[in-house]
Amino acid sequence: MTMSEGDLAVAKIHFVRSATIEAKPPPVSMRGAVGWLRENLLSTKFNIILTLLIALLFAWIVPDLVRFLLIDAVWTGADRDACREIVQNRAIGACWPFAFERWPYFVYGSYPIPERWRVDVFFSMLAIGVVWLLWLGAPRRGLVSVYFFVVLPISSFILLTGWKAIGLQPVDTVLWGGILVTIVVAWVGIVVSLPLGILLALGRRSHMPAVRLFSVIFIEFVRGVPLVTVLFMASVMLPLFVPEHLSPDKLLRALIGIALFASAYMAEVVRAGLQAIPKGQFEGAMAVGLGYSQMMRLIVLPQALKITIPNIVNTYIGLFKDTTLVFIVGIFDFLHTVEVSRIDPKWATPVTSTTGYAVAAMFYLVFCYAMSRYARATEARLAKSERR
Amino acid sequence: MMAATTNTALHIKPTQLNTLIAVEIVGMNKWYGDFHVLRDIDIKVKGGERIVICGPSGSGKSTMIRCINRLEEHQTGRVVVDGVELTNDLKKIDEVRRDVGMVFQHFNLFPHLTVLENCTLAPIWVRKTPKREAEEIAQHYLKRVKIPEQAGKFPGQLSGGQQQRVAIARALCMNPKIMLFDEPTSALDPEMVKEVLDTMVGLAEDGMTMLVVTHEMGFARQVANRVVFMDSGQIIEANTPEEFFNHPQHERTKLFLSQILH
Numbered sequence: 001m002t003m004s005e006g007d008l009a010v011a012k013i014h015f016v017r018s019a020t021i022e023a024k025p026p027p028v029s030m031r032g033a034v035g036w037l038r039e040n041l042l043s044t045k046f047n048i049i050l051t052l053l054i055a056l057l058f059a060w061i062v063p064d065l066v067r068f069l070l071i072d073a074v075w076t077g078a079d080r081d082a083c084r085e086i087v088q089n090r091a092i093g094a095c096w097p098f099a100f101e102r103w104p105y106f107v108y109g110s111y112p113i114p115e116r117w118r119v120d121v122f123f124s125m126l127a128i129g130v131v132w133l134l135w136l137g138a139p140r141r142g143l144v145s146v147y148f149f150v151v152l153p154i155s156s157f158i159l160l161t162g163w164k165a166i167g168l169q170p171v172d173t174v175l176w177g178g179i180l181v182t183i184v185v186a187w188v189g190i191v192v193s194l195p196l197g198i199l200l201a202l203g204r205r206s207h208m209p210a211v212r213l214f215s216v217i218f219i220e221f222v223r224g225v226p227l228v229t230v231l232f233m234a235s236v237m238l239p240l241f242v243p244e245h246l247s248p249d250k251l252l253r254a255l256i257g258i259a260l261f262a263s264a265y266m267a268e269v270v271r272a273g274l275q276a277i278p279k280g281q282f283e284g285a286m287a288v289g290l291g292y293s294q295m296m297r298l299i300v301l302p303q304a305l306k307i308t309i310p311n312i313v314n315t316y317i318g319l320f321k322d323t324t325l326v327f328i329v330g331i332f333d334f335l336h337t338v339e340v341s342r343i344d345p346k347w348a349t350p351v352t353s354t355t356g357y358a359v360a361a362m363f364y365l366v367f368c369y370a371m372s373r374y375a376r377a378t379e380a381r382l383a384k385s386e387r388r
Numbered sequence: 389m390m391a392a393t394t395n396t397a398l399h400i401k402p403t404q405l406n407t408l409i410a411v412e413i414v415g416m417n418k419w420y421g422d423f424h425v426l427r428d429i430d431i432k433v434k435g436g437e438r439i440v441i442c443g444p445s446g447s448g449k450s451t452m453i454r455c456i457n458r459l460e461e462h463q464t465g466r467v468v469v470d471g472v473e474l475t476n477d478l479k480k481i482d483e484v485r486r487d488v489g490m491v492f493q494h495f496n497l498f499p500h501l502t503v504l505e506n507c508t509l510a511p512i513w514v515r516k517t518p519k520r521e522a523e524e525i526a527q528h529y530l531k532r533v534k535i536p537e538q539a540g541k542f543p544g545q546l547s548g549g550q551q552q553r554v555a556i557a558r559a560l561c562m563n564p565k566i567m568l569f570d571e572p573t574s575a576l577d578p579e580m581v582k583e584v585l586d587t588m589v590g591l592a593e594d595g596m597t598m599l600v601v602t603h604e605m606g607f608a609r610q611v612a613n614r615v616v617f618m619d620s621g622q623i624i625e626a627n628t629p630e631e632f633f634n635h636p637q638h639e640r641t642k643l644f645l646s647q648i649l650h
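Heads up: the sequence lines are chains E and R, in that order. For what it's worth, this note's numbering labels the leading residue of the first sequence as 1, then goes sequentially. For what it's worth, this note's numbering labels the leading residue of the second sequence as 389, then goes sequentially.
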């Protein structure tokens, strides 16, 4: 066996490189679609088995799903006859005319038809805010939080509940329903729970025993009780203690219940973030003379919230889905309007319920997936700018 | 004795102290739970004096200087900083912290703010200096610590030595009367130590009152008026650098010096 020059170079004690080794492209097996397949799907035996299993799973589910939702689906019709196998004499998939006809009810609930433009305005204002928030190069991004936490709550409250003085008919919240209620409940929960959660988290880490005790009791009590119980307490127990005329609106009671519930969870999420901030940051801030609130506002919270964003959004996603529970206190959120509609005799067919739930599933999926993507994108953006 | 004047002076006029004695610690004791960390500490630091504090780890030297700006609370005795006695009174604590700058072993810069923002934050929020003016002051000190070109960067993008110099500039931006250094070079790569020590020498030549916890004995010889040696929470020996290094009195001091001076 002869030794190459490289082997000799390693064997020799004295070695000086005479020519630089130029960078070469990787071998073909690492490049392109083939390289990607080999690397990601077929890298090991175990990986090959997993790839096959998942391919089988898809093959099992997807065709049926496509057949039900698209191929066999009914797209037009006036009532249940359009979606009945016996009448149509063919396999029947989703009954979309039912969803189309009921869509306004899914969106607005029983909100009076002539006033529904107000809900549309509310949705548009919210959409503007969301776009403003997501578009990083947008002008005046610093004002987004003012818009979200001050302008939007006040204007949409006036818009939705009505104000006689400016010609908006009052609309009782009993009539609210559908996506409107889902969005309102989720959004109030989101807007209230973050600041309140931060306060509770700070309270829990406070050096003042009374503040700490209050925060701990509040957080542990609320977290130790199911949301259903909180909602029942808010809507059934509260009126027992408060005089009739002072008793707040049913929706408002549910909103308070949900907001407080979400705050307790948010407090724990924020606390985890606070704990991740090194002690040196507190000392550095104190040593330059910052007071407690300045230290928290300028140094600690910006860093803590930044690392907590994925968890905050995770809590928001949970909160968004938890809003469906308000139906148990008789509020018609989106899912509840679907529930009510699917038992409507006009559309009574074997596929009506499935269709309704498919609509609901898609709605929640779109919203939750969007939030999840936002969290991922923010995470990636912050990881890039993380220069610790 | 100061070394021959070098060109390292920062040309900073330290803010005048109100009293002749910058720091006065009388009979100070501190406990962590049952553990007696600081025992009957007595020390007086005159304005413009430069004290180097050394001792083995766990001897309480860091804890002692942290008592001077109340990052640590003492239990008995008195700590008076420029005429203000430190008690639980938050106003007094804030007053002292405004006038006492501190540099930490691990820099403790704010990673989410740029170098310039690190320097202007306290002047703007604590001293209520207008932003423009604070930025000018910050640029001035960044120039003095020789990193004006890094103003727009984030701390994480700088080397350890540069970060520590930013930390010094950050403290100077508050126009402190007294500067505390808590092992400022211990966390640095060996190549970075000199640039930070040079900055500190410059500060000393400008007449800043300094208390420095360090193991840099060369720095102590060159700059200190007094070297204080601590062990197990007590001051064992204090003397001028020449006397301290050439004729240590206490057995513990001799042992310590024989261990660190090879």
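We treat Cβ as the ideally placed atom computed from N, Cα and C, and that holds for glycine.
Excluding residues up to 5 positions away in sequence, 190 and 371 lie with their Cβ nearer than 7 Å to the Cβ of residue 316(E) in the same chain. Residues of chain R with a Cβ closer than 9 Å to the Cβ of residue 298(E) are, in chain order, 498, 501, 509 and 513. Along the stretch 440 to 525 of chain R, the beta strand (DSSP E) occurs as fully enclosed runs of 3 or more residues at 464 to 469 and 488 to 491, listed in sequence order. Residue 120(E): not part of any beta strand (DSSP E); member of the alpha helix (DSSP H) spanning 116 to 134, first to last residue.
Your pair residue 647(R) and residue 574(R) does not check out as a contact, with CB atoms roughly 16 Å apart and the cut at 8 Å.
Per the Cβ contact rule, the stretch 168 to 179 of chain E is in contact with the stretch 107 to 120 of chain E (3 or more Cβ pairs under 8 Å). A contact is defined here as three or more CB-CB pairs under 8 Å, and the stretch 83 to 100 of chain E meets this definition with respect to the stretch 353 to 360 of chain E. As a beta-bridge residue in DSSP terms, residue 622(R) pairs with 619(R). Burial is judged here by how many other beta carbons sit within 10 angstroms of a residue's own beta carbon; residue 295(E) has at least 16 and is buried.
Against residue 562(R), the close residues of chain E are 288 and 289, in the order they occur along the chain (beta-carbon pairs closer than 8 Å). Remark: C-beta atoms of residue 267(E) and residue 231(E) do not approach each other more closely than 7 Å. DSSP places residue 546(R) outside both helix and strand once states are collapsed to three, so it counts as coil. DSSP places residue 371(E) within a helical segment (H, G or I) once states are collapsed to three. Annotation for residue 259(E): 188, 189, 192, 193 and 196 place their beta carbon closer than 8 Å to its own, counting only its chain and skipping 5 residues before and after.
For the stretch 256 to 283 of chain E, the set of positions with a beta-carbon nearer than 7 Å to some beta-carbon of chain R reads 280, 281 and 283 in chain order. The C-beta distance from residue 429(R) to residue 458(R) rounds to 15 Å, too long to fall under 8 Å, and the pair is not in contact. If you look at residue 284(E), you'll find it in the alpha helix (DSSP H) that goes 279 to 287. The beta carbon of residue 322(E) sits closer than 6 Å to those of 227, all from its chain and outside the five residues before and after it, given in chain order. Of all C-beta pairs linking the stretch 400 to 419 of chain R to the stretch 462 to 469 of chain R, three or more are shorter than 8 Å, placing the two stretches in contact. With its beta carbon less than 7 Å from one in chain E, residue 494(R) belongs to the interface. Nearest Cα to residue 367(E) within the set 278(E), 382(E), 334(E) and 343(E): 334(E). Annotated three-state conformation of residue 528(R) is helix, per DSSP. Under the three-state reduction of DSSP output, residue 90(E) falls in the coil class, being neither helix nor strand.
When the alpha-carbon of residue 410(R) is set against those of 420(R), 630(R), 423(R) and 435(R), the nearest one is in 435(R). Within its own chain, the residues whose Cβ lies closer than 8 Å to the Cβ of residue 607(R), once the five positions on either side in sequence are excluded, are 440, 585, 588, 589 and 600, listed in chain order. Nearest in C-alpha terms to residue 133(E), of all of 145(E), 319(E), 58(E) and 158(E), is 145(E). Under the DSSP assignment, residue 597(R) falls in the beta strand (DSSP E) whose first and last residues are 597 to 601. Not a single C-beta of chain R is nearer than 7 Å to the C-beta of residue 26(E). According to the DSSP assignment, residue 328(E) belongs to no alpha helix (DSSP H), since it is labelled neither H nor E. When Cβ-Cβ separations below 7 Å define contact, residue 490(R) makes contact with chain E. Following the DSSP letters along the chain, one finds residue 271(E) inside the alpha helix (DSSP H) bounded by residues 250 to 275. Residue 557(R) and residue 280(E) have their C-alpha atoms some 17 Å from each other. Under the Cβ criterion of 7 Å, residue 209(E) is not counted among the residues facing chain R.
Residue 310(E) has a beta carbon lying at 7 Å or more from every beta carbon in chain R. Counting every other CB atom within 10 Å of its CB across the protein chains shown gives residue 471(R) a total below 16, marking it as exposed.
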